[in-house]
Amino acid sequence: MIKLDFEHRQSGHCESGVTSNLLHYHGIKISEPLAFGIGAGLFFSYLPFMKMQDAPTFAFRVWPGQVFKRTTHELGIKSRFQNFRDEKKSMDVLKSALDQGFPVGITVGIYNLPYYPPEYRTHFNGHNMVIYGYDNDKFYVSDTVMEEKKEISYEDLVRIRFAKGAMAPKGRLYYPYYFPKEIDLRSGVLSGIKKTAKNMVGVPFPLVGVKGIRILSKSLRKWEKKLGQDKASYYLGQMLRMEEEFGTAGAGYRYLYGAFLNEAADVANKPVLKEIAAEMGETANKWREYSYYGSRNCKRRAKPEESYDMLADLLLGIADREEKIFRKLLKI
Amino acid sequence: MENETNKIPGIGDQPEETPLYGYRNREVFYFYDQDKGYIQKVVPHNNIVQVLIKHGWDVSEDKIEGIRKKAEAGLVSPIAFHMARCLMDTVTLAGYSGFPKWRVRRHLKPSVYKKLDEKTKKRYAEVFGTSVREMEQLTSSDQTEKGAQ
Numbered sequence: 096m097i098k099l100d101f102e103h104r105q106s107g108h109c110e111s112g113v114t115s116n117l118l119h120y121h122g123i124k125i126s127e128p129l130a131f132g133i134g135a136g137l138f139f140s141y142l143p144f145m146k147m148q149d150a151p152t153f154a155f156r157v158w159p160g161q162v163f164k165r166t167t168h169e170l171g172i173k174s175r176f177q178n179f180r181d182e183k184k185s186m187d188v189l190k191s192a193l194d195q196g197f198p199v200g201i202t203v204g205i206y207n208l209p210y211y212p213p214e215y216r217t218h219f220n221g222h223n224m225v226i227y228g229y230d231n232d233k234f235y236v237s238d239t240v241m242e243e244k245k246e247i248s249y250e251d252l253v254r255i256r257f258a259k260g261a262m263a264p265k266g267r268l269y270y271p272y273y274f275p276k277e278i279d280l281r282s283g284v285l286s287g288i289k290k291t292a293k294n295m296v297g298v299p300f301p302l303v304g305v306k307g308i309r310i311l312s313k314s315l316r317k318w319e320k321k322l323g324q325d326k327a328s329y330y331l332g333q334m335l336r337m338e339e340e341f342g343t344a345g346a347g348y349r350y351l352y353g354a355f356l357n358e359a360a361d362v363a364n365k366p367v368l369k370e371i372a373a374e375m376g377e378t379a380n381k382w383r384e385y386s387y388y389g390s391r392n393c394k395r396r397a398k399p400e401e402s403y404d405m406l407a408d409l410l411l412g413i414a415d416r417e418e419k420i421f422r423k424l425l426k427i
Numbered sequence: 008m009e010n011e012t013n014k015i016p017g018i019g020d021q022p023e024e025t026p027l028y029g030y031r032n033r034e035v036f037y038f039y040d041q042d043k044g045y046i047q048k049v050v051p052h053n054n055i056v057q058v059l060i061k062h063g064w065d066v067s068e069d070k071i072e073g074i075r076k077k078a079e080a081g082l083v084s085p086i087a088f089h090m091a092r093c094l095m096d097t098v099t100l101a102g103y104s105g106f107p108k109w110r111v112r113r114h115l116k117p118s119v120y121k122k123l124d125e126k127t128k129k130r131y132a133e134v135f136g137t138s139v140r141e142m143e144q145l146t147s148s149d150q151t152e153k154g155a156q
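Chains A and B are the protein sequences, given in the same order. The first sequence begins at 96 in the numbering used here and counts up one residue at a time. The second sequence begins at 8 in the numbering used here and counts up one residue at a time.
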């Protein structure tokens, strides 16, 4: 048996939290927002042709797995990533990494996660958590969604690591093993900002970034007529759930990113980032306003002025604000 | 209107301790305020998220009920009902059962389902955590369809 002295810190976003906690264990003190920003986690895309749970796909962050990968890469940390076909082998590799003294990050599906809040039950396969020890058939888990550390049995762990369906995790595990003597946070921060800004305003494809928000706003106006009341409110609800739920730390990661910019101003010694962080915060508040009126609509308590048109106007305002912010960040 | 706007959860609000929907978990949320800047707080879900979670479960319950009626009328196979009950889509069910997607989609038709042998049905029943008999009666001992009680 082995139980590493792992510090469990709850966080808003599972993957950034895992990244930050894993690096903390190895003495690299970066906060959750920093991990999220250096990993260029913020994004927006609206894919109406790709249906997820009978609704279009809305994404407010990059593909799961990217944040850890980019953050460690930017900081010159080497990590091991592995997927598996064989269940037993995946557990053996996990145990041997723990024996060597590395806490291990794993990707799991949440549907069969025994301790998870039941209201979250869905076949979402991109959740991340850390295993920091084991004892016979019991594994010690640090899950950033939960307030405390948890335990899980061998069978349950196998089941969630080999969950099936879209984005099946295939027993994926990862852990950092090599750390350079000097960590250059400044260049990591700047490159993370640049990457995010490019993703948001520099991609020549209409459905991603700020352009995606505008297109979503345009199609939002048509939903009610085109799809009927029920389906339109389901689509809207799905979009808002992606924005406010699923470990986004609120307002589709916008608060988290603002907090990152705020910290980055000190790390990179660029006071202008403080101003942009304030703008990001205002934008995040707008997103929250949008989800508030949207959620009233889902409840069918919306007043006439809170129609889809009004929501679409709010989105357009948000798109303008974000475009301004990311154009500025592009020049940093 | 002013009163309504105040309900947008802000930095100082403490969400209600008893949520609309069963389980309570405190999570990390970030807030921004012009005066206080960024603040990280561990709080229960705010009213927006609670409404959204409840909306999601209401919609899926309606959907499951609709498919149950269809299955009872013989318009879809029992597999379709249990797939919806376990919140699965064909990709997920194909993954768990080991059948290719196109076969799973065919098995949702009652005419194809009738011709299935016991072994195939059993494989599905195992995925759904029921027996074949229960599966065909559209019942199940474990109530997975309701996420939160």
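We put the CB at the ideal spot given by N, CA and C, even for glycine. All values derive from a computational prediction rather than experimental measurement.
Please state if the CB of residue j and the CB of residue i are separated by a distance shorter than 8 Å.
i, j, result
"residue 385 (chain A)", "residue 368 (chain A)", "no"
"residue 131 (chain A)", "residue 352 (chain A)", "yes"
"residue 199 (chain A)", "residue 208 (chain A)", "no"
"residue 97 (chain A)", "residue 229 (chain A)", "yes"
"residue 226 (chain A)", "residue 280 (chain A)", "no"
"residue 39 (chain B)", "residue 307 (chain A)", "no"
"residue 70 (chain B)", "residue 91 (chain B)", "yes"
"residue 237 (chain A)", "residue 121 (chain A)", "no"
"residue 378 (chain A)", "residue 310 (chain A)", "no"
"residue 133 (chain A)", "residue 110 (chain A)", "no"
"residue 58 (chain B)", "residue 394 (chain A)", "yes"
From residue i to residue j, what distance separates their C-alpha atoms?
i, j, result
"residue 11 (chain B)", "residue 149 (chain A)", "Confidence at residue 11 (chain B) is low in this model, with a pLDDT of 44, below 50, so the placement of that residue is unreliable and no value is reported for it."
"residue 408 (chain A)", "residue 312 (chain A)", "7 Å"
"residue 296 (chain A)", "residue 157 (chain A)", "15 Å"
"residue 108 (chain B)", "residue 124 (chain A)", "46 Å"
"residue 107 (chain A)", "residue 119 (chain A)", "16 Å"
"residue 159 (chain A)", "residue 382 (chain A)", "22 Å"
"residue 84 (chain B)", "residue 63 (chain B)", "25 Å"
"residue 338 (chain A)", "residue 247 (chain A)", "29 Å"
"residue 99 (chain B)", "residue 250 (chain A)", "20 Å"
"residue 416 (chain A)", "residue 110 (chain B)", "48 Å"
"residue 292 (chain A)", "residue 138 (chain A)", "9 Å"
"residue 105 (chain A)", "residue 345 (chain A)", "15 Å"
"residue 392 (chain A)", "residue 403 (chain A)", "8 Å"
"residue 141 (chain A)", "residue 232 (chain A)", "42 Å"
"residue 355 (chain A)", "residue 340 (chain A)", "20 Å"
"residue 42 (chain B)", "residue 101 (chain B)", "53 Å"
"residue 152 (chain B)", "residue 172 (chain A)", "Unreliable positioning characterises residue 152 (chain B) in this predicted model, as indicated by a pLDDT of 45, which lies under 50. A coordinate reading is not provided."
"residue 195 (chain A)", "residue 240 (chain A)", "26 Å"
"residue 3 (chain B)", "residue 210 (chain A)", "Given a span of 8 to 156 for chain B in the structure shown, any question on residue 3 (chain B) remains unanswerable."
"residue 418 (chain A)", "residue 424 (chain A)", "10 Å"
From the options, pick the residue whose C-alpha is nearest to that of residue i; which is it?
i, options, result
"residue 161 (chain A)", "A:135, A:143, A:173 and A:139", "A:135"
"residue 303 (chain A)", "A:282, A:222, A:155 and A:207", "A:155"
"residue 254 (chain A)", "A:138, A:245 and A:265", "A:265"
"residue 262 (chain A)", "A:240, A:324, A:204 and A:325", "A:204"
"residue 422 (chain A)", "A:178, A:298 and A:316", "A:298"
"residue 335 (chain A)", "A:370, A:259 and A:390", "A:390"
"residue 37 (chain B)", "A:349, A:181 and A:145", "A:349"
"residue 380 (chain A)", "A:360, A:358, A:365 and A:413", "A:413"
"residue 219 (chain A)", "A:252, A:258, A:244 and A:183", "A:258"
"residue 125 (chain B)", "B:143, B:72 and B:112", "B:143"
"residue 67 (chain B)", "B:146, B:94, B:131 and B:56", "B:94"
DSSP three-state label for residue i, please.
i, result
"residue 78 (chain B)", "helix"
"residue 33 (chain B)", "coil"
"residue 381 (chain A)", "helix"
"residue 125 (chain A)", "coil"
"residue 46 (chain B)", "strand"
"residue 264 (chain A)", "coil"
"residue 417 (chain A)", "helix"
"residue 247 (chain A)", "strand"
"residue 309 (chain A)", "helix"
"residue 101 (chain A)", "coil"
"residue 51 (chain B)", "coil"
"residue 303 (chain A)", "strand"
"residue 292 (chain A)", "helix"
"residue 111 (chain A)", "helix"
"residue 149 (chain A)", "coil"
"residue 144 (chain B)", "coil"
"residue 355 (chain A)", "helix"
"residue 94 (chain B)", "coil"
"residue 279 (chain A)", "coil"
"residue 143 (chain A)", "strand"
Write down every uninterrupted run of the alpha helix (DSSP H) in the region 164–237 of chain A whose length is 4 residues or greater and which is fully enclosed by it, in chain order. 182–194
To test your reading of the DSSP string, which unbroken beta strand (DSSP E) runs of 3 or more residues are found completely within the region 100–127 of chain B? none
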